[in-house]
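**Student:** Using our numbering, the first residue of the sequence shown is number 744, and each one after it goes up by one.
By construction, the Cβ of each residue, glycine as well, lies at the ideal position given by its N, Cα and C atoms.
Structure below; questions to follow.
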Amino acid sequence: FRARRQASALSVDGGDAIIFDVTNMGGGFNQGSHYSTSTGRFTAPVAGVYHFHACVIYQDLGTGGTVDMEDVFKVYVNSTQISFSERRAKYTVDGTGSSGYYTDHFSLTTSLSANDYIWLRQDKDSRVIHNNNTYSHFSGHLVG
């Protein structure tokens with residue numbers, strides 16, 4: 744699957760699922776319909792090793808100073824955290840982004856049982872995910 748954000752910004756609070764709401768545009772697809780655009784979860788259809796990648800671009804950050812962006816989102820399988828986002832930083836205007844944008848990502852290979860689900864949870868409060876579907880995406884595939 745490869746899911747993206749549609750052309751509307753997404754406000755997320757700490758603990759919220761990050762939902763990539765379209766799979767049928769800009770290179771998106773959802774083979775077998777195992778990714779839910781309403782919950783943000785990919786449910787493994789079979790047991791196996793899977794590879795996942797996500798990139799999230801946040802907007803309107805760092806106004807007037809710095810904003811803590813360490814571990815801005817976390818990766819969960821079912822209700823268990825298995826990973827952090829990979830960019831650990833404080834956002835500084837025009838230092839770690841350009842004019843109010845900050846990009847974070849992760850890449851992970853993991854073993855899932857049939858019906859396990861993987862999802863991203865926002866860890867920092869009150870962030871806005873940018874509305875450009877070219878930037879924010881979540882993808883995964885069965886390795887074997």
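Given this structure, state the Cα-to-Cα distance separating Q913 from F763, to the nearest angstrom.
**Tutor:** The chain is shown only over 744 to 887; residue 913 falls outside these bounds and no answer can be derived.
**Student:** Strictly by DSSP, which residues pair up with T870?
**Tutor:** What sits at residue 870 in the sequence shown is Arg, not Thr. For R870, which the question treats as bridged, DSSP gives the partners V755.
**Student:** For S882, which residues of its own chain have a beta-carbon under 8 Å away from its beta-carbon, when the five flanking residues on both sides are left out?
**Tutor:** Cβ within range, chain order: F744, R745, A746, F795, H796 and A797.
**Student:** Check whether the stretch 842 to 858 touches the stretch 768 to 783, counting contact only when three or more Cβ pairs, one atom from each stretch, lie closer than 8 Å.
**Tutor:** Too few Cβ pairs lie closer than 8 Å, so no.
**Student:** Among the candidates G769, Q824 and Y793, whose CA atom is the shortest distance from the CA of L863?
**Tutor:** Selected option, being the one with the closest Cα: Q824.
**Student:** Beta strand (DSSP E) containing Y824: first to last residue?
**Tutor:** A small fix is needed here, since residue 824 is Gln in this sequence, not Tyr. Here the beta strand (DSSP E) through Q824 covers T823 to F827.
**Student:** So, helix, strand or coil for G770, using DSSP?
**Tutor:** Looking at G770 - three-state DSSP - the assignment turns out to be coil, as it is neither helix nor strand.
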